[in-house]
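Residue numbers (our numbering), protein chains in the order written: chain X, 2 to 401; chain B, 1410 to 1545. Heads up, the thing below is written out as structure tokens.
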């Protein structure tokens, strides 16, 4: 029954493609069988909406008169420092950057109410952003100071480039200590007071294509409410992580680097986020379409929360001390029931990734494809898979 | 006309031994629901109440409290959720000590039961998109 992406695109153009979400496909595959479902369905859409720290925006603000070389100088957007170590008026604003005068964790736990992620959301929302800059001045770029408002509609480029997003599975964070922990996995109450997880599970892009058979460099995706592309495998991409019999990783595994024009994205899908006692970040909406090229691929997309397992990790000791110990594994079905058992104790669960928003993303992408406006792309290069031998490495410190 | 308001009462140490709330019921016919209480003999006490009754009795009750030396703070809007900011992630669910947040089973949207909220404020800072707002 093998189909090709070109054939599926032909059906999309004619408005005849059958598109379902990664949630809907579970039932369909169960009722009609994988084989029939694979014949009938052309595309399965996925979605995820969670805090993703390795996100940021490249900006080219245009040349001032007289010119200023911001490269090597200091630049702030709404008091948030940006990276200037590139050409004269190119800047990089990272999601986790915070103002120099933010008290950080000196007032513990720090609130981190405003940072790079928030600037990105305001930029996308079309708000004016205050740019203040100092530079050292050169013969060709004589100006040393610049203070101006900038707006996304006026600047040359605003490119979202997230170097690691859409983690394929993730830790469930708990706290075995007797004090409250403030982590990137949220507030963790002492003595196994709660368990926080962060994945859309059965809707998550890479959990529906566990061996990266359809997603690759160049794959067109939903990104931040607009269109984006998979640029590369994400940093810390770890395809050789432990996998279950169904091929689904049981640990954090693959990741995606994604890119897209920020000017066509929307603030409701790029949300500035504050993690108490940890820092600022950006909650990013991503949806990846999966072309049903074979029964095998359909079977992967039919994975349900009951078949996806995540490790429970202690964030008081094991995580900060980089110890590999886990306290057990739980399925996303158990996590979503609201309670899991850890060391015999009933622990209430909470999610940091929004499942309702993931559903919304998968449905928006479905509509785009059904309406014929969104065609699928053929990857131009695959992501490193299990056969690549690529694994995540810890830092080996050496004396200087 | 009946009114129902949420108020914070600060008791100076010298009157924590007096049956102030009892007088509100007995003398002014007001009903109350204690949302939060922290009272120890000889120390300043704190009581968060939802106080209801006839407007004129309510006003008299408030005057009685003020005359007795109780400092009254209004909690007219307390903790509210900015619906435009909530992403329905659910990070608040296990943070709330009174289970004011729950998940709607089918959609997995986060429901906020305002009646269960005791205005402790824990969710305000724990909310990643800062959708919970504390009003005074």
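Think of the CB as a built atom: it goes at the ideal place given N, C-alpha and C, for glycine as much as any other residue.
message = I want to see whether chain B comes within less than 7 Å of residue 353 of chain X, judged by CB atoms only; does it?
response = Counting from 1 along the first chain, the entry for residue 353 of chain X is found at position 352. With 7 Å as the cut-off, residue 353 of chain X counts as an interface residue toward chain B.
query = Under a three-way DSSP split, which group does residue 1482 of chain B fall into?
reply = Working through the second chain from its first residue, we reach residue 1482 of chain B at position 73. Note: residue 1482 of chain B maps to strand in three-state DSSP.
message = Let me check understanding here. Comparing Cα to Cα, which of X:333, X:164, X:103 lies closest to residue 53 of chain X?
response = Against the first chain, residue 53 of chain X aligns to sequence position 52. In terms of Cα proximity to residue 53 of chain X, the closest of X:333, X:164, X:103 is X:164.
ask   = Pairing CB atoms from the stretch 53-72 of chain X with CB atoms from the stretch 318-325 of chain X, are three or more of them under 8 Å?
value = No, they do not touch.
query = From residue 85 of chain X to residue 1494 of chain B, what distance separates their C-alpha atoms?
reply = Residue mapping note: residue 85 of chain X aligns to position 84 of the first chain, counting from 1. Residue mapping note: residue 1494 of chain B aligns to position 85 of the second chain, counting from 1. Computed Cα separation, rounded: 31 Å.
key: Cβ neighbours of residue 137 of chain X in the same chain (closer than 8 Å, five flanking residues each side left out)   = Along the first chain, one-based indexing puts residue 137 of chain X at 136. Only 70, 73, 74, 145 meet the Cβ criterion.
message = Could you tell me the alpha carbon to alpha carbon distance between residue 83 of chain X and residue 35 of chain X, rounded to whole angstroms?
response = Counted from its first residue, the first chain places residue 83 of chain X at position 82. Counted from its first residue, the first chain places residue 35 of chain X at position 34. Their backbone Cα atoms lie some 49 Å apart in a straight line.
inquiry  = Measuring only the C-alpha atoms, how far is residue 93 of chain X from residue 81 of chain X?
reply    = In the first chain, the residue the question calls residue 93 of chain X occupies position 92. In the first chain, the residue the question calls residue 81 of chain X occupies position 80. When rounded, the distance between both Cα atoms is 11 Å.
key: Residues near residue 1500 of chain B in its chain [Cβ-Cβ closer than 7 Å; skip 5 each side]   = Here residue 1500 of chain B refers to the residue found at position 91 of the second chain. Taken in chain order, the residues that qualify are 1535, 1536, 1537.
query = Which partner residues of residue 301 of chain X appear in the DSSP bridge assignment?
reply = Taking the first residue of the first chain as 1, we reach residue 301 of chain X at position 300. DSSP lists no partner for residue 301 of chain X.
request  = Out of X:362, X:386, X:254, X:124, state which residue places its alpha-carbon closest to the alpha-carbon of residue 312 of chain X.
outcome  = Reading the first chain from its first residue, position 311 is the one you call residue 312 of chain X. Of X:362, X:386, X:254, X:124, the residue nearest in Cα terms is X:254.
inquiry  = Helix, strand or coil, according to DSSP, for residue 176 of chain X in the structure here?
reply    = Walking along the first chain from the start, residue 176 of chain X turns up at place 175. In the structure shown, residue 176 of chain X sits in coil (DSSP, three-state: anything other than H, G, I, E or B).
query = In the stretch 1479-1495 of chain B, which residues sit with their C-beta less than 7 Å from some C-beta in chain X, listed in chain order?
reply = Listed in sequence order: no entries.
ask   = When you check each C-beta in the stretch 1525-1538 of chain B against every C-beta of chain X, which residues fall closer than 7 Å?
value = 1534, 1535, 1537, 1538
message = Less than 7 Å between CB atoms is the rule here; does residue 1465 of chain B satisfy it with respect to chain X?
response = One-based indexing of the second chain puts residue 1465 of chain B at position 56. No, residue 1465 of chain B lies away from the interface with chain X (no Cβ there is under 7 Å from its Cβ).
ask   = Just reading off the alpha helix (DSSP H) that residue 369 of chain X is part of, what are its end residues?
value = Translated into the one-based positions of the first chain, residue 369 of chain X becomes position 368. Unbroken alpha helix (DSSP H) run through residue 369 of chain X: 356-371.
ask   = What residue does the alpha helix (DSSP H) around residue 1531 of chain B start on, and which one ends it?
value = Residue 1531 of chain B sits at position 122 when you count from the first residue of the second chain. Looking at the DSSP string, the run of the alpha helix (DSSP H) that includes residue 1531 of chain B is 1531-1535.
message = Would you say residue 195 of chain X lies against chain B (beta-carbon separation less than 7 Å)?
response = Your numbering for residue 195 of chain X matches position 194 in the first chain. For residue 195 of chain X, the answer is yes, since a Cβ of chain B falls inside 7 Å of its Cβ.
ask   = Taking the beta strand (DSSP E) that residue 197 of chain X falls in, what are its first and last residues?
value = Along the first chain, read from residue 1 onward, the residue named residue 197 of chain X stands at position 196. Taken as a continuous stretch (DSSP letters only), the beta strand (DSSP E) holding residue 197 of chain X covers 196-198.
task = Could you name the residues that DSSP lists as bridge partners for residue 233 of chain X?
result = Taking the first chain and counting its residues from 1, the one referred to as residue 233 of chain X is at position 232. Paired residue(s): X:258.
message = Count Cβ pairs between the stretch 8-21 of chain X and the stretch 36-49 of chain X that sit closer than 8 Å; are there 3 or more?
response = yes
query = the stretch 265-281 of chain X: which residues have C-beta closer than 8 Å to a C-beta of chain B, in chain order?
reply = 272, 273, 274, 275, 276, 277
query = Which residues of chain B have a Cβ atom closer than 9 Å to the Cβ of residue 284 of chain X, listed in chain order?
reply = Start at 1 with the first residue of the first chain, and residue 284 of chain X comes out as number 283. In chain order: 1496, 1498, 1537, 1538.
ask   = Can the beta-carbon of residue 1 of chain X be found closer than 7 Å to that of residue 291 of chain X?
value = Chain X is shown only over 2 to 401; residue 1 of chain X falls outside these bounds and no answer can be derived.
task = Name, please, each residue of chain X whose Cβ falls closer than 7 Å to the Cβ of residue 1518 of chain B.
result = Counted from its first residue, the second chain places residue 1518 of chain B at position 109. Going along chain X in sequence order, the residues near residue 1518 of chain B (Cβ under 7 Å) are 357.
request  = For residue 61 of chain X, return the contacting residues in chain B, with the cut-off set at a CB-CB distance below 8 Å.
outcome  = Your numbering for residue 61 of chain X matches position 60 in the first chain. The contacting residues do not exist; residue 61 of chain X stays about 29 Å from chain B at best.
query = Does any C-beta atom of chain X lie closer than 7 Å to the C-beta of residue 1440 of chain B?
reply = Along the second chain, read from residue 1 onward, the residue named residue 1440 of chain B stands at position 31. For residue 1440 of chain B, the answer is no, since every Cβ of chain X falls outside 7 Å of its Cβ.
request  = Report, in whole angstroms, the separation of the C-beta atoms of residue 47 of chain X and residue 209 of chain X, which I expect to be a contact under 8 Å.
outcome  = Counting from one through the first chain, the residue named residue 47 of chain X turns up at place 46. Counting from one through the first chain, the residue named residue 209 of chain X turns up at place 208. With 8 Å as the limit, residue 47 of chain X and residue 209 of chain X qualify as a contact, their Cβ atoms being about 5 Å apart.
is_contact[residue 1504 of chain B, chain X] using C-beta, thresh 7 Å = Working through the second chain from its first residue, we reach residue 1504 of chain B at position 95. Answer yes: the Cβ-Cβ gap between residue 1504 of chain B and chain X drops below 7 Å somewhere.
ask   = In angstroms, rounded to a whole number, what distance separates the CA positions of residue 216 of chain X and residue 172 of chain X?
value = As a position in the first chain, residue 216 of chain X is number 215, starting the count at 1. As a position in the first chain, residue 172 of chain X is number 171, starting the count at 1. Each residue's Cα considered, the two are about 23 Å apart.
query = Where does residue 1497 of chain B fall in DSSP's three states?
reply = Walking along the second chain from the start, residue 1497 of chain B turns up at place 88. In the structure shown, residue 1497 of chain B sits in coil (DSSP, three-state: anything other than H, G, I, E or B).
key: Burial state of residue 169 of chain X (16 or more Cβ within 10 Å)   = Residue numbering aside, residue 169 of chain X sits at position 168 when the first chain is read from its first letter. That one is buried.
query = Where residue 230 of chain X and residue 1418 of chain B are concerned, what is the direct C-alpha to C-alpha distance, given to the nearest angstrom?
reply = Here residue 230 of chain X corresponds to residue number 229 of the first chain, with the count starting at 1. Here residue 1418 of chain B corresponds to residue number 9 of the second chain, with the count starting at 1. One alpha carbon belongs to residue 230 of chain X, the other to residue 1418 of chain B, and they sit about 57 Å apart.
message = Considering Cα atoms alone, identify which of X:89, X:113, X:260 is closest to residue 166 of chain X.
response = Numbered from 1 along the first chain, position 165 holds the residue referred to as residue 166 of chain X. Taking only the C-alpha atoms, the option nearest residue 166 of chain X is X:260.
key: Contact with chain B by residue 148 of chain X, beta-carbon distance below 7 Å   = Stepping through the first chain from its first residue, residue 148 of chain X is reached at position 147. For residue 148 of chain X, the answer is no, since every Cβ of chain B falls outside 7 Å of its Cβ.
Residue-chain proximity (residue 112 of chain X, chain B), Cβ-Cβ < 7 Å = Start at 1 with the first residue of the first chain, and residue 112 of chain X comes out as number 111. Taking Cβ atoms only, chain B reaches closer than 7 Å to residue 112 of chain X, which makes this a yes.
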